[in-house]
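Read through the structure below, which is laid out as C-alpha cells, and then see the notes.
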Amino acid sequence: MVEITVENLFFKYPDAEKYALKNINFTIKEGESIAILGENGAGKTTLAKNLNGLLKPTKGSVKIDGVDTRNLSVAKIARKIGFVCHNPDHQFFAETVEEEIKFGLKNFGFTENEIEKSLLDVLKTFGLEEYRHKSPFQLSGGEKKRLAIASIIVWRPELLILDEPTIGMDYAQRLNIQNVLKNLVSEGKSIIVITHDVDFAVSLCRRAIVLSGGEIVGDGCLRKLLSNPEVIEKASLRKPFLIELEEEIGFSVIDEDFDSISESLIRVFDKCHS
Amino acid sequence: MSFLKAFQYKRRNSLIHRLDPRSKFLLSLVLMTFSIVFIDIRVLIAILTLQLFLIGLARALKEWVYSLRGLIFFIIIIFITQLLFGGTLFMGIVLSIRLIVLSSSMSWFFLSSTPEDIGRAMSSARFPIELTFSFVMAIRFIPVIYNEFQSIYDAQRSRGLELEKGGFRTKVRNLMPILIPLLVGTIRRTYEIADAMEVRAFGASPKRTSYKLLKFKKGDYFLCLVSAILASAIIYLKIFLGLE
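In C-alpha cells form, the structure reads like this:
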C-alpha cells in the first residue's frame with residue numbers, strides 16, 4: 141500500500157516568474173478516493189505530476205512511503221502510482237490495442253504468463269476485447285480514453301491518478317469507468333481524480349482537494365466542500381446535481397456510506413407526493 | 016528538443032528586434048556561408064563572437080545558452096566520428112564550433128523576428144502565399160510541438176519508459192513511443208488546420224492585401240552594408256588568401 145505526504149510544496153516551471161503551486165500540505169492514505177478540483181490553470185495537473193515524480197518540487201517535499209520523490213526515478217514511482225494523462229493521443233504508439241496495453245507490463249519486467257493474464261483481464265473489464273487487434277488510432281474518443289486507463293490499470297498500481305477521465309465520454313462509458321474505479325477503491329486501492337465534472341467526483345470520491353491560483357482553498361469532505369459557496373466561487377465550480385436536489389428538498393439524498401440510494405429515492409418520491 | 020528554443024521568437028524591446036527581417040536574414044545568410052565555407056578556427060571564432068554580440072544586443076543570450084544543451088548530442092556524434100575515422104581531437108573541437116556557428120547564424124534571426132514579420136518579408140519577396148503561410152505556421156508551431164513532445168515524454172515515463180537506460184540502439188528504439196504519437200499528432204493537426212483555414216475562405220481571393228507593410232530604416236541599410244562587407248571578406252579570404 142502507498143502513502144503520500146506533501147509538505148510545504150512550492151513548484152515553479154523553469155521559465156515562469158510565478159509559482160504554479162504554493163505551500164501545499166496534505167497526506168494521502170491507502171484506500172482514499174480524492175477529487176482534485178479547481179478552475180483552469182489552478183495547478184491541478186502540476187500537482188498530480190509532482191505526486192508521481194514527473195515534476196520535482198522547487199521547495200518543500202513530496203514523500204512516497206517516506207521516500208522523497210527527488211530520490212526516486214519516475215519508473216520506480218510509476219510502478220506504485222499510475223498516471224492517466226488527459227489526452228490519450230499522447231501515449232499511443234503501438235500497432236495494436238494489445239501491444240499498447242502490454243507496453244507498461246514489459247517495461248516493468250512482468251513475465252509472459254503474467255502479461256497474457258493481465259491483458260485478458262483488462263480487455264474484458266474495459267470492453268475492449270473486440271478491438272484487441274485493432275490500431276489504437278482507429279478507436280473513437282471514448283474508446284481511446286478507456287484504452288488509456290486500461291493501459292495503466294493493467295499493472296495494478298496502488299494509487300491511480302486520472303487527469304480528466306470523463307472528457308469525451310458518453311453516459312454509458314462514463315458509468316463503466318465509474319464502476320471500474322469504484323471496484324478499485326473497494327479493493328483498497330487509492331484513486332485521485334482531477335476533474336471539472338463535479339457529478340462524477342461526487343459519485344466516486346469522499347474527499348476533495350480544491351485548488352485556486354496554485355493554493356489549496358479547501359481540503360476535506362467533498363460533499364461539504366461543494367456545499368460551501370465560498371469554495372465554489374473561488375474554484376469556479378458548480379454545485380453537483382445531487383447537492384442542489386438535497387438543498388431543494390431539504391434532506392440528504394445519498395447517505396454518507398453511499399449505500400442507501402433506493403431508500404433515499406423512496407423518501408424523495410414520498411416528499412414529492414406529500 | 017531544447018535546441019528548438021534557439022529558433023523560437025522572444026518578445027523583447029531591443030535594437031535587433033526593431034530591424035527589418037529582410038536585412039537580418041541577409042546577414043544571417045552571410046554568417047551561415049562563413050560556417051559552410053571556412054574550417055579555419057580563427058574565422059569561426061571571429062564569426063561566433065559577432066553572433067554573440069548580435070544575440071546579446073537582442074537580449075537573448077539566455078535562450079542561446081539553453082539551446083546549446085540540445086546540440087550536445089550532435090557534438091558527441093562529431094567527436095565519436097572523428098575518433099572512429101582517424102580524426103583528431105582538435106578537428107572535433109573545430110567541427111563542434113562550426114556546428115554552433117551554423118546553428119547561431121539562424122537562431123539570432125528567429126529569436127528576434129516574429130513569424131508574422133518573416134511572412135511579410137517572404138510576401139514582399141513575391142513568394143507564393145501558400146509557401147509563405149506554411150513556413151510561418153511551421154515556425155509558429157515550434158513551441159507547440161515542443162510542449163507536445165514534453166507531454167508525450169511524460170505520458171510514456173509514467174508507463175515505465177526509461178530513455179536513460181540501455182545502449183545506443185536501445186535508446187533509439189525507446190524513442191519510438193515518443194516519436195510516433197508526436198508524428199501522428201502533428202499530421203492530424205495539419206489536417207485540422209487545413210480544414211479550419213478552408214472554412215475561413217483561405218485562398219478564396221487571388222489578391223491579398225496586407226495590414227502592415229515592411230519598410231527599411233537606417234539600421235537596416237547599415238546591416239546590409241555590414242553584410243556586403245562580410246560577403247566581400249568571404250571572397251577575399253577564400254580566393255585571395257586561400258584560407259580553408
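If you're matching them up, the sequences are chains Y and Z in order. Using the working numbering, the letters of the first sequence map in sequence onto residues 141 to 414. Using the working numbering, the letters of the second sequence map in sequence onto residues 16 to 259. We treat Cβ as the ideally placed atom computed from N, Cα and C, and that holds for glycine. This structure is a prediction, so every number in the text was calculated from the model and none was measured.
According to DSSP, which residues form a beta bridge with residue i?
| i | result |
| --- | --- |
| Y:Thr145 | Y:Thr167, Y:Lys203 |
| Y:Gly244 | Per DSSP, none; premise fails for Y:Gly244. |
| Y:Ser173 | Y:Ile331 |
| Y:Leu161 | Y:Phe151 |
| Y:Gly178 | Y:Leu351 |
| Y:Asp208 | Y:Lys203 |
Rounded to a whole number of angstroms, what is the C-alpha to C-alpha distance between residue i and residue j?
| i | j | result |
| --- | --- | --- |
| Y:Glu396 | Y:Phe340 | Here the model assigns Y:Glu396 a pLDDT of 49, short of 50, so the residue's position is not dependable, and the following value carries that caveat. Cα to Cα, the separation comes out at about 16 Å. |
| Y:Ser291 | Y:Val202 | 25 Å |
| Y:Lys152 | Y:Lys158 | 7 Å |
| Z:Gly218 | Z:Gly257 | 51 Å |
| Y:Leu321 | Z:Ile31 | 56 Å |
| Y:Thr251 | Y:Glu269 | 21 Å |
| Z:Gly57 | Z:Ser50 | In the sequence as displayed, the identity of residue 57 of chain Z is Arg instead of Gly. Approximately 12 Å between the Cα atoms of the pair. |
| Z:Arg33 | Z:Ile244 | 22 Å |
| Z:Leu44 | Y:Ala156 | 33 Å |
| Y:Glu254 | Z:Val187 | 27 Å |
| Z:Phe40 | Z:Leu238 | 10 Å |
| Y:Gly354 | Y:Ala218 | 24 Å |
| Z:Phe22 | Z:Trp123 | 8 Å |
| Z:Tyr206 | Y:Phe150 | 40 Å |
| Z:Ala140 | Z:Tyr251 | 29 Å |
| Y:Ser87 | Y:Phe409 | The requested residue 87 of chain Y does not occur in the structure, where chain Y is confined to residues 141 to 414. |
| Y:Val262 | Y:Ala288 | 11 Å |
| Y:Leu168 | Y:Pro369 | Looking at the sequence shown, residue 168 of chain Y is not Leu but Ile. Spanning the two alpha carbons is a distance of roughly 25 Å. |
| Y:Ile349 | Y:Arg378 | 15 Å |
| Z:Leu110 | Z:Ala209 | 41 Å |
| Y:Lys196 | Y:Asn190 | 6 Å |
Excluding sequence positions up to five away, which residues of its chain have a Cβ less than 6 Å from the Cβ of residue i?
| i | result |
| --- | --- |
| Z:Ala75 | Lys25, Leu126 |
| Z:Gly134 | Thr147, Val151 |
| Z:Ser119 | Gln66 |
Residues in the same chain with beta-carbon distance under 7 Å from residue i, minus the five sequence neighbours each way, listed in chain order, please.
| i | result |
| --- | --- |
| Z:Phe13 | Only positions 16 to 259 of chain Z appear in the structure, and residue 13 of chain Z is not among them; the question remains open. |
| Y:Ser352 | Gly178, Glu179, Ala182, Lys374, Ala375 |
| Y:His226 | Asp303, Glu304, Ile307 |
| Z:Gly107 | Ile93, Phe94, Gln97 |
| Z:Arg223 | Ile144 |
| Z:Lys253 | Val52 |
| Z:Glu163 | Leu197, Gly200 |
| Y:Ala234 | Glu240, Phe243, Pro276 |
| Y:Glu147 | Asn165, Gly200, Ser201 |
| Y:Leu365 | Ala348, Val350, Gly358, Val371 |
Between residue i and the rest of its own chain, which residues show a CB-CB distance below 8 Å, the 5 nearest in sequence each way excluded?
| i | result |
| --- | --- |
| Y:Glu298 | Met141, Val142, Glu170, Lys220, Ile221, Lys329, Ser330 |
| Y:Leu194 | Val214, Phe223 |
| Y:Ala188 | Ile176, Phe223, Ile301, Asp303, Ile332, Ile334 |
| Y:Leu245 | Glu254, Ile255, Ser258, Leu259, Val294, Trp295 |
| Z:Ile154 | Phe22, Tyr24, Phe125, Pro130, Ile133 |
Taking the beta strand (DSSP E) that residue i falls in, what are its first and last residues?
| i | result |
| --- | --- |
| Y:Ala348 | 347-352 |
| Y:Leu187 | Premise fails: Y:Leu187 lies in the alpha helix (DSSP H), 184-191, not in any beta strand (DSSP E). |
| Y:Glu355 | 355-361 |
| Y:Asp303 | 299-303 |
Would you give the residue range spanned by the alpha helix (DSSP H) that residue i belongs to?
| i | result |
| --- | --- |
| Z:Ala216 | It is not in any alpha helix (DSSP H) - Z:Ala216 carries neither H nor E in the DSSP assignment. |
| Z:Gly85 | 76-99 |
| Y:Asp261 | 252-265 |
| Y:Val294 | Segment: none, Y:Val294 is in no alpha helix (DSSP H) and carries neither H nor E. |
| Y:Pro369 | 369-374 |
| Z:Ile31 | 30-33 |
| Y:Asp339 | 338-344 |
Let me check you understand the geometry: is the CB of residue i closer than 6 Å to at least one non-hydrogen atom of the ligand MN?
| i | result |
| --- | --- |
| Y:Lys216 | This structure does not include the ligand MN; it has no bound ligands of any sort. |
Using 7 Å as the limit for Cβ to Cβ distance, is residue i near chain A?
| i | result |
| --- | --- |
| Z:Pro192 | Among the protein chains in the structure shown, which are Y and Z, there is no chain A. |
Can you check the stretch 157-198 of chain Z for any alpha helix (DSSP H) of at least 4 residues that lies completely inside it and give the ranges in chain order? 157-172
4-residue-minimum alpha helix (DSSP H) runs that sit fully inside the stretch 211-239 of chain Y, ordered along the chain: 214-220
My parser needs the alpha helix (DSSP H) runs of 4 or more residues fully inside the stretch 125-160 of chain Z; what are they? Runs of the alpha helix (DSSP H) lying entirely within the stretch 125-160 of chain Z and spanning at least 4 residues, in chain order: 130-139, 144-155.
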